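Chemist: Residues in the sequence shown are numbered consecutively from 1, following the working numbering. Every residue gets a Cβ at the ideal spot worked out from N, C-alpha and C, and that includes glycine. All of these numbers come straight from a predicted model, not from anything done at the bench.
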Amino acid sequence: MIVRGAERVLVQGITGKQGTYWTERMQAYGTRIVAGVNPKKAGTAHCGVPVFATAREAMGAVGFDVSVQFIPPLGVRAAAQDAIEAGCRCLVILTEHVPVQDVMALLAIARANGAVVVGPNTAGLVTPGECFVGFMPAFESGIFRPGRVGVISRSGSLGTLICLNLAQAGFGQSAFIGIGGDSIVGTTTRDALQVLDADERTDAVVIVGEIGGSMEEDAADYLQGMAKPVVAFIAGAASPAGKKMGHAGAIVMGDKGTYASKRTALEAAGVTVLDTPSEVGRAVRVALG
1 MIVRGAERVL VQGITGKQGT YWTERMQAYG TRIVAGVNPK KAGTAHCGVP
51 VFATAREAMG AVGFDVSVQF IPPLGVRAAA QDAIEAGCRC LVILTEHVPV
101 QDVMALLAIA RANGAVVVGP NTAGLVTPGE CFVGFMPAFE SGIFRPGRVG
151 VISRSGSLGT LICLNLAQAG FGQSAFIGIG GDSIVGTTTR DALQVLDADE
201 RTDAVVIVGE IGGSMEEDAA DYLQGMAKPV VAFIAGAASP AGKKMGHAGA
251 IVMGDKGTYA SKRTALEAAG VTVLDTPSEV GRAVRVALG
């Protein structure tokens, strides 16, 4: 789920306000947008690319590798199925509040078709200096710059803060992977770690997690075998137990998903866990020797 500049990108929901704004930002940055989807605007052009009624029609006419969705929650499942069954390799779902049963159904469709899903409720993917898919401020050179540190984040805003602090410390990013903050997502922390571990452009990894769920704990076994250094920040240290905080995934059940359980698991795997995001530059410098 690292997006590259040569990959062809389809925008589902391209003609809406957000779809239009971010399509223009992606194009200006270098993302290869080849088409859009809106059944009511099929046969027209928007942002300089053709608009089709379905992803299947777009695949037949121009072809695409990645699809990004600016789609209302109740329309996500059908749009996802359309893109996946058309042959989409990677689907980026920005939408939050997608019904859980719809997420489970579309993830099953993705597995059956060999597609990768990023999200729902993701801020997207960034390959600094090359392209981005979603609504991250990749074009802000003071935040995103080409480099050798991969960033995985459940939160778009916290991920942006970490990238800002890395840039201020003199580090650039090889890739930003926003996995999304919902309780069920297509790409987990462990999945993203495996991608960055195999990426030749990445020398170190920063994980931006938060309380709730067990993704950080589940990644600990893989982390123990990683040669690349890993630094992490977990949001929610002061959150009261049993309370849902922000993201749909940020709810603690029993002793699983707590700040303490995540920090303990990560530190046992050799990860440097930060107390504040501002420490990330120093920690990465130390980790890289």
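(1) Is it buried or exposed for Asp-191, if we count other Cβ within 10 angstroms and need 16 for buried?
(2) Quick check on Thr-44: does DSSP put it in helix, strand or coil?
(3) State whether the stretch 38–46 contacts the stretch 67–77, with contact taken as three or more CB pairs (one from each stretch) at a distance under 8 angstroms.
(4) For Thr-318, collect the residues of the same chain with a Cβ closer than 6 angstroms to its Cβ; drop the 5 residues on either side in sequence, then sort them by chain order.
(5) On the DSSP bridge list, what partners appear for Val-66?
(6) Is DSSP giving Ser-183 helix, strand or coil here?
(7) Determine, using beta-carbon pairs with one atom in the stretch 160–176 and one in the stretch 83–101, whether at least three such pairs fall under 8 angstroms.
(8) Can you give me the start and stop residues for the alpha helix (DSSP H) that Thr-20 sits inside?
(9) Let me know if Ala-80 comes out buried or exposed under the rule of 16 or more other beta-carbons within 10 Å of its beta-carbon.
(10) In the DSSP output, what is Leu-125 paired with across the bridge?
(11) One question on the structure: do Thr-160 and Pro-137 come within less than 8 angstroms of each other, judged by their Cβ atoms?
(12) For Lys-262, count neighbouring C-beta atoms within 10 Å of its own C-beta (all shown protein chains included) and say buried if the count is 16 or more, exposed if not.
(13) Which full runs of the alpha helix (DSSP H) of 4+ residues lie inside the stretch 201–233, going along the chain?
(14) Looking at C-alpha atoms only, which residue of Val-230, Ala-237, Pro-99 and Ala-110 is the closest neighbour of Ala-268?
(15) For Ile-152 and Val-208, which I take to be in contact (beta-carbon distance under 8 angstroms), what is that distance rounded to the nearest angstrom?
(16) Let me know the secondary structure DSSP gives Gly-334 once reduced to three states.
(17) When burial is assigned at 16 or more other CB atoms within 10 Å of the CB, is Glu-200 buried or exposed?
(18) From what residue to what residue does the alpha helix (DSSP H) around Gly-281 run?
(19) Can you give me the C-alpha to C-alpha distance between Thr-15 and Glu-140, rounded to a whole angstrom?
(20) State the Cα-Cα distance for the pair Val-185 and Gly-156, rounded to the nearest angstrom.
(21) Is Val-3 helix, strand or coil by DSSP?
(22) Determine the direct distance from the alpha carbon of Val-11 to that of Thr-302, and round the result to whole angstroms.
(23) How many angstroms separate the CA atom of Arg-285 from the CA atom of Gly-142?
Modeler: Walking through what the data contain:
(1) Under this definition Asp-191 is a buried residue.
(2) Coil.
(3) The stretch 38–46 makes no contact with the stretch 67–77: fewer than 3 CB pairs, one atom from each, lie closer than 8 angstroms.
(4) The question about residue 318 has no answer, for the chain in this structure spans 1 to 289.
(5) For Val-66, the beta-bridge partners assigned by DSSP are Val-9 and Cys-90.
(6) It is coil, neither helix nor strand.
(7) Contact fails: fewer than three Cβ-Cβ distances are below 8 angstroms.
(8) Note, Thr-20: alpha helix (DSSP H), 17–29.
(9) Under this definition Ala-80 is a buried residue.
(10) For Leu-125, the beta-bridge partners assigned by DSSP are Val-133 and Ile-177.
(11) Contact annotation: Thr-160 and Pro-137 have beta-carbon atoms nearer than 8 angstroms.
(12) Classification for Lys-262: buried.
(13) At a cut-off of 4 residues, the continuous stretches assigned as alpha helix (DSSP H) that sit fully inside the stretch 201–233 are 215–223.
(14) With respect to the C-alpha of Ala-268, the residue from Val-230, Ala-237, Pro-99 and Ala-110 having the closest C-alpha is Val-230.
(15) That pair is a contact at about 7 angstroms.
(16) Nothing can be reported for residue 334: it is not among the residues displayed for the chain, which extend from 1 to 289.
(17) With fewer than 16 neighbouring CB atoms inside 10 Å of its own CB, Glu-200 falls in the exposed class.
(18) From DSSP, the alpha helix (DSSP H) with Gly-281 extends over 280–287.
(19) Here the alpha carbon of Thr-15 sits roughly 24 angstroms from the alpha carbon of Glu-140.
(20) The alpha-carbon of Val-185 is positioned some 14 angstroms away from that of Gly-156.
(21) The three-state secondary structure of Val-3, taken from DSSP, is coil.
(22) Nothing about residue 302 can be reported from this structure: the residues present for the chain run from 1 to 289 only.
(23) Their backbone Cα atoms lie some 19 angstroms apart in a straight line.
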